[in-house]
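Protein chains in written order, with the numbering used here: chain Z, 117 to 611; chain E, 117 to 611. Beta carbons are placed, not taken as given, at the ideal position from N, Cα and C, and that holds for glycine. Since this is a predicted model, take the numbers as computed values, not measurements.
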């Protein structure tokens, strides 16, 4: 087994509201479940934010040497329009609109989801189970809940009995919703006469006539509820007691609250160690929403085809922008914020690249004049402290100051420290933050520009100013600026 | 609805051994099921061949305006080692070797599969169902077969009863296997004592102790057989009577034979109109096989890291090479064959590009001197004749001869004919064959080369031979050859 870098990781546990020390249940292993998308629409930027932040967590654990089993589901049935027990199935409804079979909708938007996450350099999870792939498991769970008196059947639907559950447990413990308020607020909901109490929630719904997606069950033809799938799939692949359950903050209630009640009801024990919730993403200060037209899809950011941003932005820049914010902070996306992220991204990358030119063979006996190990420890501590990526990024910028001073010869590093410094920067930038270098031009272009620089230098030495100016001006037209330093000419390319 | 280009398509029907006219069951629609991979290993080039040829068929129907529902499954359980009823589950076995959960194996190799097909420019199918996602449907099918006396349970496993089936139907009709020979050859197989007849095949297998993947069923804990999933999923998404069932020739027996018996047994009718089987792919004349080391993975062809080929080849070249062969022919891959495919690919693409420069405004009143419509009709006829892609490609090369003669002014085309000619070539090359232009260099490089050509031409007019020779030689080092024609200098790039 790969050696694990032991760290003292603290995670803000959403259920206790406190930062707690993370001790994995099985030594060297991390089990993490994150609620994936309902695949009925093009992926939302807010979802991407969630998956980018969990990718950071996944990557940090992997970087430390943990064997991480990361399960992220695809919801392809049972998610009703109002996120609760009434309304049409989101996928079924879209299938009617697009005149496709529901599973064609699932395929179309699963592909969009995967392609978008790939552009953001988000690693695929270890397992990506689907709700329709686990109907039997869900039926088995419902049978147990009925047997334990925690669920009841009415007219071919099955509901979770919160009153019975509350004899031993406390529904609302995660989201801090008070049960009495729930009753009050749900009293006015119609069509809930089937339920013994309006606060109960569905586990299995009887399929109405003409409902396309349905399966046989002990209670007749029907389909599983949205909440049940995640309980079933998390336990199936991570065991009944696992380390981390995550998702967007909007899922905390009712989705995660129901999930928690279901699993706890079945296993009579605490089943999840840490709940992690990522915060919301706003656009120009307002909630993204189709109805108000305040909405921006990832593809529109990449292409620049939108009315909010003055130019296109590379997925890497958007990823960097998101990680400049902590996962528990609200992120507000705007033109200025992305322009700033782009500038700082290139600044970080260009300065990091300078390390390639700094080290000289004659520094073998140099005594280091700053403490690389302490800086590295600070980087780790940022990540150990509830995955504080903005703090990590600011420490990487601190490192770019060191690079400037190394360049000027004000600071010095011995060979071992230099390599540690360079490797640590590399690992945190590429492996942990998951950034990638954006190549503005390819290698052939680079070689051609260098050839042009050579021709221009010859022209200058022959005082052929017409040719040398001509080359400079023509390159400028192509967005390539030449910079003449002491003995060397370098070039810069416009973003 | 999009207008359909009516064609008289003939398909070689594998079950009758004859080319038959294709009439879709539902006007304007095509339902096609193709057996997908068992995701326990990196995708095999032979599989890619199958999926490239079915992509051609999918694309041609779409191009003609049909609404195609193309279902291609993922086998994630039940495919046993010897493709029959004994041996370990392929995925379960790999999970033990790689020390992963079976569903982690499924995820890993599904991603590899999708990425490879994406590189080959293979369109995703409309629906991509998984075997584990359809356990309930498979159990329901088995119940019906038992009820009809076509299956029986022994010790928690269920077998298909071929003798009972043969009272009304004929097992072996697809693959022309004689039932008596089957009995003879299977008589020596061990561990088949459970079966009433050795020729019977499993529908459901009892899960041995410690078998990881299993589900509850009326016959106890177990898992479905490989053959059953395709029967279930094809009918679920295409209806019990659908147009086309396809797969590699190696699946014809026993997989497709068993599928056919299962569906026919349930529905008492012919359920599939056309069976299409793609032929095998060999490497240097021999079957690809891990044990003899005569094996080449797609990624090794693209990277060039292999002992069979002298250079890397772009996925597009491999696709073109495969489509230069008919789907029913054995394809032999070799270094020479790929070199040849690469040469002809660039020849086709470069000549097609010349059409951009040929047309002049003054041809408005020109009378065409060759019949574009007949040539287009020939292209269609090639595809109508059992998807004859090699014939189509030879007609595209016939078109390149026309282009040469158009360039020289020997042939002429009126504006309408010219546009028809250009559009038809475009559609058959890009939409039907699914080829893509391979850009050897990017736009910036092109502009830089043109700048260098300009500088060189100035140098030549000033008789500065040193500079002009220098530019030519330096570019040659980069693989870029300059060609001086009458008034213009062009460049060529080494592959």
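Boundaries of the alpha helix (DSSP H) in which residue i is found, first to last residue
i, result
"residue 489 of chain E", "488-500"
"residue 483 of chain E", "It is not in any alpha helix (DSSP H) - residue 483 of chain E carries neither H nor E in the DSSP assignment."
"residue 167 of chain E", "161-180"
"residue 607 of chain E", "Premise fails: residue 607 of chain E lies in the beta strand (DSSP E), 605-609, not in any alpha helix (DSSP H)."
"residue 232 of chain Z", "218-235"
"residue 586 of chain Z", "581-593"
"residue 267 of chain E", "No alpha helix (DSSP H) contains residue 267 of chain E, which is instead part of the beta strand (DSSP E) from 267-270."
Spatially closest choice to residue i from the options, by CA coordinates
i, options, result
"residue 614 of chain E", "E/161, E/405, E/368, E/230", "In the structure as shown, chain E starts at 117 and stops at 611, and residue 614 of chain E therefore has no counterpart that could be examined."
"residue 492 of chain Z", "Z/519, Z/468, Z/456, Z/544", "Z/544"
"residue 219 of chain E", "E/191, E/230, E/397", "E/191"
"residue 357 of chain E", "E/345, E/332, E/389", "E/389"
"residue 97 of chain E", "E/602, E/608, E/129", "With chain E represented from 117 up to 611, any question about residue 97 of chain E goes unanswered, as that position is not in the structure."
"residue 248 of chain Z", "Z/294, Z/125, Z/495, Z/341", "Z/341"
"residue 278 of chain E", "E/272, E/509, E/265", "E/265"
"residue 224 of chain E", "Z/241, Z/232, Z/263, Z/234", "Z/241"
"residue 152 of chain Z", "Z/144, Z/143, Z/164", "Z/164"
"residue 504 of chain E", "E/316, E/169, E/364, E/351", "E/169"
"residue 174 of chain Z", "Z/547, Z/598, Z/581, Z/559", "Z/547"
"residue 494 of chain Z", "Z/484, Z/514, Z/481", "Z/514"
"residue 261 of chain Z", "Z/317, Z/243, Z/424", "Z/317"
Start and end residues, beta strand (DSSP E) containing residue i
i, result
"residue 363 of chain Z", "358-364"
"residue 135 of chain E", "134-137"
"residue 185 of chain Z", "183-188"
"residue 318 of chain Z", "317-322"
"residue 338 of chain Z", "338-340"
"residue 273 of chain E", "273-276"
"residue 452 of chain E", "From DSSP, residue 452 of chain E is part of no beta strand (DSSP E) but of the alpha helix (DSSP H) over 451-474."
Cα-Cα separation, residue i to residue j
i, j, result
"residue 429 of chain Z", "residue 561 of chain Z", "22 Å"
"residue 237 of chain E", "residue 449 of chain E", "19 Å"
"residue 257 of chain Z", "residue 141 of chain E", "42 Å"
"residue 339 of chain Z", "residue 200 of chain Z", "14 Å"
"residue 122 of chain E", "residue 538 of chain E", "21 Å"
"residue 343 of chain E", "residue 276 of chain E", "11 Å"
"residue 281 of chain Z", "residue 312 of chain E", "51 Å"
"residue 434 of chain Z", "residue 459 of chain Z", "12 Å"
"residue 270 of chain E", "residue 310 of chain E", "6 Å"
"residue 246 of chain Z", "residue 609 of chain E", "48 Å"
"residue 375 of chain E", "residue 346 of chain E", "7 Å"
"residue 640 of chain E", "residue 400 of chain E", "For residue 640 of chain E there is no data in the structure shown, the boundaries of chain E being 117 and 611."
"residue 419 of chain E", "residue 426 of chain E", "11 Å"
"residue 442 of chain Z", "residue 464 of chain Z", "19 Å"
"residue 335 of chain Z", "residue 252 of chain E", "15 Å"
"residue 221 of chain E", "residue 211 of chain E", "6 Å"
"residue 466 of chain E", "residue 144 of chain E", "36 Å"
"residue 431 of chain Z", "residue 235 of chain Z", "6 Å"
Test: residue i CB closer than 9 Å to a CB of chain Z
i, result
"residue 558 of chain E", "yes"
"residue 327 of chain E", "no"
"residue 185 of chain E", "yes"
"residue 561 of chain E", "yes"
"residue 300 of chain E", "Its pLDDT being 49, under 50, residue 300 of chain E is placed unreliably in this model, and the coordinates cannot settle the point."
"residue 583 of chain E", "yes"
Residue-chain proximity (residue i, chain E), Cβ-Cβ < 9 Å
i, result
"residue 242 of chain Z", "yes"
"residue 261 of chain Z", "no"
"residue 248 of chain Z", "yes"
"residue 145 of chain Z", "no"
Cutoff 8 Å; reference residue i; Cβ partners in own chain excluding five residues on either side
i, result
"residue 329 of chain Z", "193, 205, 207, 208, 218, 248, 323, 339"
"residue 404 of chain E", "160, 161, 162, 397, 398, 410, 411, 412"
"residue 182 of chain Z", "120, 140, 144, 145, 146"
Contact test: residue i Cβ vs the ligand FMN heavy atom, cutoff 8 Å
i, result
"residue 442 of chain Z", "With respect to the ligand FMN, the structure offers nothing, as it holds no ligand at all."
Same chain, Cβ closer than 7 Å to residue i, neighbours up to 5 away in sequence not counted
i, result
"residue 615 of chain Z", "Chain Z is shown only over 117 to 611; residue 615 of chain Z falls outside these bounds and no answer can be derived."
"residue 575 of chain Z", "583, 584"
"residue 436 of chain E", "457, 461, 551"
Contacts around residue i, its chain only, beta-carbon distance under 6 Å, and the 5 residues preceding and following it disregarded
i, result
"residue 438 of chain E", "165, 168"
"residue 568 of chain Z", "587"
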